[in-house]
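Taking my numbering, the leading residue of the sequence shown gets 6, the next gets one more, and so forth.
For glycine and all other residues, C-beta sits at the position ideal for the given N, C-alpha and C.
All values reported here derive from a predicted model rather than from experimental measurement.
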Amino acid sequence: MLRTNRLVYFVGVVTGLLFLIYIVFPQLQQPTPESHLDVQQKPITGGEQKPQPPAAAGGAGRVEAGQVPPSTPRYLSWFPHGDFTEQHESFRNAIRLAYDTKRIIIAPMLRLGKPYPWLPFHQLAQRYEAQDKTILRRICQTPDPAEQWRVELEPCYSMNDWTEIPWSTLFDFTDLEAEFGIRIIERVRDHHWGVQESAINNNYIDTVDIVDPMSFAANGSSVEHGAQIVQPPEPLTKQLKKYLDATQLANLDATYVQFGALSSAARYRTRNNKGQSALKRALNSRIFVTPNHLLPVTQTADQMVEALGGRRRFSSLHLNLAKFIALDARLDTADEAALSSVARKELMNAVVLEIFGDIPINQAVSAAMPILEPSRLAELLAGPHQVNRRQLLDACVEYRASIDPRYPINYLVNDIVDDPMTRPDLFGPLTETFPCTFSKADMRQWHIFDSAWAYHIPQLSDPGVDYEALLAPIVDILMASNAYSFFEIPQTPLTRFMKWQPKRSASTTS
Numbered sequence: 006m007l008r009t010n011r012l013v014y015f016v017g018v019v020t021g022l023l024f025l026i027y028i029v030f031p032q033l034q035q036p037t038p039e040s041h042l043d044v045q046q047k048p049i050t051g052g053e054q055k056p057q058p059p060a061a062a063g064g065a066g067r068v069e070a071g072q073v074p075p076s077t078p079r080y081l082s083w084f085p086h087g088d089f090t091e092q093h094e095s096f097r098n099a100i101r102l103a104y105d106t107k108r109i110i111i112a113p114m115l116r117l118g119k120p121y122p123w124l125p126f127h128q129l130a131q132r133y134e135a136q137d138k139t140i141l142r143r144i145c146q147t148p149d150p151a152e153q154w155r156v157e158l159e160p161c162y163s164m165n166d167w168t169e170i171p172w173s174t175l176f177d178f179t180d181l182e183a184e185f186g187i188r189i190i191e192r193v194r195d196h197h198w199g200v201q202e203s204a205i206n207n208n209y210i211d212t213v214d215i216v217d218p219m220s221f222a223a224n225g226s227s228v229e230h231g232a233q234i235v236q237p238p239e240p241l242t243k244q245l246k247k248y249l250d251a252t253q254l255a256n257l258d259a260t261y262v263q264f265g266a267l268s269s270a271a272r273y274r275t276r277n278n279k280g281q282s283a284l285k286r287a288l289n290s291r292i293f294v295t296p297n298h299l300l301p302v303t304q305t306a307d308q309m310v311e312a313l314g315g316r317r318r319f320s321s322l323h324l325n326l327a328k329f330i331a332l333d334a335r336l337d338t339a340d341e342a343a344l345s346s347v348a349r350k351e352l353m354n355a356v357v358l359e360i361f362g363d364i365p366i367n368q369a370v371s372a373a374m375p376i377l378e379p380s381r382l383a384e385l386l387a388g389p390h391q392v393n394r395r396q397l398l399d400a401c402v403e404y405r406a407s408i409d410p411r412y413p414i415n416y417l418v419n420d421i422v423d424d425p426m427t428r429p430d431l432f433g434p435l436t437e438t439f440p441c442t443f444s445k446a447d448m449r450q451w452h453i454f455d456s457a458w459a460y461h462i463p464q465l466s467d468p469g470v471d472y473e474a475l476l477a478p479i480v481d482i483l484m485a486s487n488a489y490s491f492f493e494i495p496q497t498p499l500t501r502f503m504k505w506q507p508k509r510s511a512s513t514t515s
């Protein structure tokens, strides 16, 4: 009996040693991931996920069947829509998908001006193809019945109200590839996609997956690019409540994946790993967040920032009055021009109350208190004559710098009129409460910046387009990124975008 126990003990010890040698120790010797390129960004192959038909991917259509070898470059693209923030969100989601599926991004250009809303896949594709200005100019000069659908979507009379520019004009993508291995190719020559893609030189695209869970039901919708797209049983009036998970995205094996709209992050669920977490942190703080890559735009914003006292010496105030009027239940019209003088005053009083509720308490107290004397600001505001606004700007900057560092100076952006000072009936209550409120129209009038700055940029060559007007939202974003605080009433996705801006240290005028 004793010998048996010893034998069992010996066998147990030997088994334990073998387990440690062949199982535990090799695991402990695995190298620690040193970057998000070599481990987190490994290629997705058919062996990692159980294969399943792409049609199960909540809206994937196939042009041709075929297995793409892992070594073959694979691509993804999408159709843009909406204003700057919506297009930016779509690009962010494309970056996230490209990292997860190890695909190269083919990026459509950024549209500035005259945005159009979300549409189902086939309508969004046609809408995107219609905005090829080379073709539009030709058919506007020489009508072509076969191309008439283009001018119905993009009328000739409004062709100068919008333009397209490459995203790299405003953003630097170097860190995306250096840190995360994400490559971006910009489509700048035309609006072809799928098997007709022209942004890829000498690469043959043999298979295309069409993916849009907001347009296609779970069984997908097979189409051939260039052929008539199969309509759903009833035309879509709103987005389908479908989504794709990480497994379904990984199983898309075509050379080229064409997404519809990508503005909804919740519709495309990527893997939850350290690489995605690091990418999210980067996209929320330092990469692809500040459109400061076009020097004339940045210089224009910097000149106005300095005029307002320097970085973090002023606040950026965006008033979306058309939306505010539409949301106000007390008003029986959504048209500002139809409001009575009393209604306009009540409207702006309500805006002022919201501003007081949003701004830091120290600024609210300073704004509510009388202007301290003696000061040049107090003299100007108490004078019997109309205030010289150029002198007012200097007095406001001086007052905040030397007397009350909490006193609010505002850079005002609104959607009603270019120069708020021409509408005292509407903006009067605001400027009475916050006298140190200035706009871009003021800065232009005082020659703070060169009013012709947008017409001397070689990259911008769309004839007849007012680039200063179309790039104004970008300038305003740069102003807000240098401000002490940003307020938007009512809020839009721009508020979320501004939260990603890196904090900059304060500066003063030289």
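Item	Value
Ala306 to Glu493 span [Cα, whole Å]	19 Å
Under 8 Å between C-beta atoms of Asn415 and Thr442	yes
Beta-carbon proximity list for Lys119, same chain, < 8 Å, skipping 5 on both sides	Ser163, Asp166 and Trp167
One or two residues paired with Arg116 in a DSSP bridge	Glu169
Span of the alpha helix (DSSP H), counted from its first residue to its last, around Tyr133	Phe126 to Ala135
Ala65 versus Leu254: straight-line alpha-carbon distance, rounded	Unreliable positioning characterises Ala65 in this predicted model, as indicated by a pLDDT of 45, which lies under 50. The coordinate reading is nonetheless provided below. The straight-line gap from Cα to Cα measures roughly 10 Å.
His461 classed as buried or exposed, judged by whether at least 16 other C-beta atoms fall within 10 angstroms	exposed
Inter-residue Cα distance where the pair is Pro171 and Ile376	48 Å
The alpha helix (DSSP H) enclosing Ser269, as first and last residue numbers	It is not in any alpha helix (DSSP H) - Ser269 carries neither H nor E in the DSSP assignment.
Residues that Leu322 bridges to, as DSSP identifies them	Leu417 and Phe492
Inter-stretch contact (C-beta, 8 Å, three-pair minimum) for the region 142-162 and the region 84-103	no
Cβ-Cβ separation, Leu476 to Leu117 (assumed contact under 8 Å), whole Å	7 Å
Cβ separation of Ala327 and Glu341, assumed to be a contact under 8 Å, to the nearest whole Å	7 Å
Euclidean distance between Cα positions of Asn224 and Phe96	Because Asn224 carries a pLDDT of 31, less than 50, the predicted location of this residue cannot be relied on, and the following value inherits that uncertainty. Cα to Cα, Asn224 sits roughly 26 Å from Phe96.
First through last residue of the alpha helix (DSSP H) which encompasses Glu311	Leu300 to Ala312
Helix, strand or coil at Glu191 according to DSSP, with G and I counted as helix	strand
Cα-Cα separation, Ala406 to Gly87	40 Å
Chain-order list of residues whose beta-carbon lies under 8 Å from that of Val370 (same chain, five-residue window excluded)	Arg411
CB contact flag (Arg274, Asp250, <8 Å)	yes
With 16 other Cβ atoms within 10 Å as the buried cut-off, status of Ser290	exposed
From Phe84, Gly280 and Arg142, residue whose alpha carbon lies closest to that of Asp467	Arg142
Closer than 8 Å to chain B by CB, Phe176	The chain inventory of the structure shown lacks chain B, comprising one protein chain alone.
Whole-angstrom distance between Glu311 and Pro425, CA atom to CA atom	21 Å
Three-state class that DSSP yields for Ser510 in the structure shown	coil
Unbroken stretches of the alpha helix (DSSP H), 4 residues or longer, contained in the region 367-434	381-387 and 394-407
Residues of its chain near Phe178, where Cβ-Cβ distance is below 6 Å and the 5 sequence neighbours each way are ignored	Ile189
Beta-carbon proximity of Ala511 to Arg276, cut-off 8 Å	no
Candidates Ala383, Asp105 and Asn487: closest to Asn297 by CA position	Asn487
Simplified DSSP state of Leu245, which is helix, strand or coil	coil
Test item: CB-CB of Val372 and Phe439 under 8 Å	Val is not the amino acid found at residue 372; the sequence shown has Ala there. In this structure, Phe439 lies closer than 8 Å to Ala372 by Cβ.
As assigned by DSSP and simplified to three states, the class of Thr212	coil
Spatial distance of Gln368 from Gly388 (CA atoms)	24 Å
Extent of the continuous beta strand (DSSP E) run through Ser82	Tyr80 to Ser82
Pairwise C-alpha distance: Gln506 and Leu322	16 Å
Nearest residue (CA-CA) to Pro160, options Gln136, Phe293, Glu169 and Thr303	Gln136
Exposure of Thr212, with buried meaning 16 or more beta-carbon neighbours within 10 Å	buried
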